[in-house]
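Novice:
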Amino acid sequence: MKKLNQIFFKGLIVVLPITLTFYLLYWASINVESIFAPLLARVLGDWLYVPGLGILVSLALIMLVGVLVSNYITARFFTWISSLLEKVPLIKAIYNPLRDLMGLIPGKSSGGTNLQRVVLVPIEPMGVKMLGLVTREDLDELPGKNLIAVYIPLSYMLGGMTVLIEPSKVEKVDIPVDVALKLSVTSWIRAREAEKE
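To convert, note that position 148 of the sequence shown is 148 in this note's numbering; the numbers rise steadily by one, no gaps.
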């Protein structure tokens, strides 16, 4: 019976990630397609519309916005829209956290945070350390306090926490932010592969 359990779980370890990956891709493509499909079918006609065209249009629109945000003149327009969304009471409660979350993606995003340092944060008195990403060096909201903000992502993106800590107490780690995120998200299970990428 023990041997059968081992064989079953070995199979499950292989099948489950593959199945969930394809299911999530299928779910996303169906939902994205449903946004543009009716409009494209009406504009192009049923004989020109091909299933999947809505996904291509979505990707093209995202690329177009990326190009426009990279342009100085149109970037100012998007900054203006962003500042408006930050002030509308109900919308700002949704928009601001999502924008900040997107700022965790390595590199500068529009209005996001540029994470520059990976650090180890000591957890006292247990003597363990957690991998974190410095999100702010200067905390204007806490005058007179010499603290930095460090975001600690939890495994499999089940959330995370932000700690405020003295800069002298963290230990700098010389790895890129994207590698640190991969390692944290996967619980360091595939550490060697992430370091090679």
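Just so it is clear, CB atoms sit at the ideal spot from N, CA and C, and this is done for glycine as well.
Small disclaimer: the values here were computed from a predicted structure and weren't measured.
Find the nearest neighbour of residue 159 within the set 47, 181, 84, 96, judged by alpha-carbon distance.
Specialist: By 1-based counting over the sequence shown, the position of residue 159 is 159. When each option's Cα is compared against that of residue 159, the closest is 181.
Novice: Just tell me which of 118, 5, 11 has its CA closest to the CA of residue 175.
Specialist: The residue you call residue 175 lines up with position 175 of the sequence shown. Answer by Cα proximity: 118.
Novice: Quick check on the burial criterion: 16 or more other C-beta atoms within 10 angstroms. Buried or exposed for residue 54?
Specialist: Here residue 54 is taken as the residue at index 54 of the sequence shown, counted from 1. Burial call: buried.
Novice: Who are the near neighbours of residue 170 in its chain, counting only those whose CB is closer than 7 angstroms to its CB and skipping five residues on each side?
Specialist: The residue you call residue 170 lines up with position 170 of the sequence shown. Result list for residue 170: 119, 120, 121, 150, in chain order.
Novice: With 9 angstroms set as the bound, which would you pick, yes or no: does the beta-carbon of residue 97 sit closer than that to a beta-carbon of chain D?
Specialist: Judged by its chain identifiers, the structure shown contains no chain D, having just a single protein chain.
Novice: Could you spell out where the beta strand (DSSP E) holding residue 33 opens and where it closes?
Specialist: Translated into positions along the sequence shown, residue 33 becomes position 33. Here residue 33 belongs to no beta strand (DSSP E); instead the alpha helix (DSSP H) covers 2-44.
Novice: When you compare only the Cα positions, how much space is there between residue 136 and residue 92?
Specialist: By one-based count along the sequence shown, residue 136 stands at place 136. By one-based count along the sequence shown, residue 92 stands at place 92. Those two C-alpha atoms are separated by around 21 angstroms.
Novice: Between residue 64 and the rest of its own chain, which residues show a CB-CB distance below 8 angstroms, the 5 nearest in sequence each way excluded?
Specialist: By 1-based counting over the sequence shown, the position of residue 64 is 64. There are no such residues.
Novice: In the structure shown, what three-state DSSP assignment does residue 109 receive?
Specialist: In the sequence shown, the residue the question calls residue 109 occupies position 109. Summary for residue 109: the model assigns pLDDT 42, below 50, so the residue's position carries little reliability; its value from the coordinates is reported in the next sentence. It is coil, neither helix nor strand.
Novice: Quick check on DSSP: helix, strand or coil for residue 130?
Specialist: To locate residue 130, count along the sequence shown from 1; it is residue 130. Note: residue 130 maps to strand in three-state DSSP.
Novice: Got a sec? Which residues, its chain only, sit under 7 angstroms from residue 147 by beta carbon, not counting five neighbours each side?
Specialist: Working through the sequence shown from its first residue, we reach residue 147 at position 147. Excluding sequence neighbours, residue 147 sits near 139, 164, 165, 166.
Novice: What are the partner residues of residue 162, as DSSP defines its beta bridges?
Specialist: Along the sequence shown, one-based indexing puts residue 162 at 162. Bridge partners of residue 162: 151.
Novice: Considering residue 183, what are the terminal residues of the beta strand (DSSP E) in which it resides?
Specialist: By one-based count along the sequence shown, residue 183 stands at place 183. Looking at the DSSP string, residue 183 is not in any beta strand (DSSP E); the run it does join, the alpha helix (DSSP H), is 177-185.
Novice: Please report how far the alpha carbon of residue 9 lies from the alpha carbon of residue 3, in whole angstroms.
Specialist: Within the sequence shown, the letter at position 9 stands for residue 9. Within the sequence shown, the letter at position 3 stands for residue 3. Approximately 10 angstroms between the Cα atoms of the pair.
Novice: Strictly by DSSP, which residues pair up with residue 142?
Specialist: Reading the sequence shown from its first residue, position 142 is the one you call residue 142. Answer is none; residue 142 lacks a bridge partner.
Novice: Suppose only complete runs of 4+ residues qualify. What are the alpha helix (DSSP H) ranges in the region 56-101, listed by chain order?
Specialist: Correct list: 72-85.
Novice: Could you give the distance in angstroms between the alpha-carbon of residue 141 and the alpha-carbon of residue 58?
Specialist: Here the question's residue 141 lines up with position 141 in the sequence shown. Here the question's residue 58 lines up with position 58 in the sequence shown. So the two alpha carbons sit approximately 39 angstroms from each other.
Novice: Return the Cβ separation of residue 184 and residue 153 in integer angstroms, given the expectation that the two are a contact with Cβ distance under 8 angstroms.
Specialist: Along the sequence shown, read from residue 1 onward, the residue named residue 184 stands at position 184. Along the sequence shown, read from residue 1 onward, the residue named residue 153 stands at position 153. Between residue 153 and residue 184 the Cβ distance is about 5 angstroms, and since that is below 8 angstroms, they are a contact.
Novice: Going by beta-carbon coordinates alone, are residue 37 and residue 51 separated by less than 9 angstroms?
Specialist: As a first step, residue 37 must be located in the sequence shown, where it is residue number 37. As a first step, residue 51 must be located in the sequence shown, where it is residue number 51. Closer than 9 angstroms, so yes.
Novice: Would you list the one or two residues that DSSP bridges to residue 136?
Specialist: Stepping through the sequence shown from its first residue, residue 136 is reached at position 136. According to DSSP, residue 136 bridges with 149.
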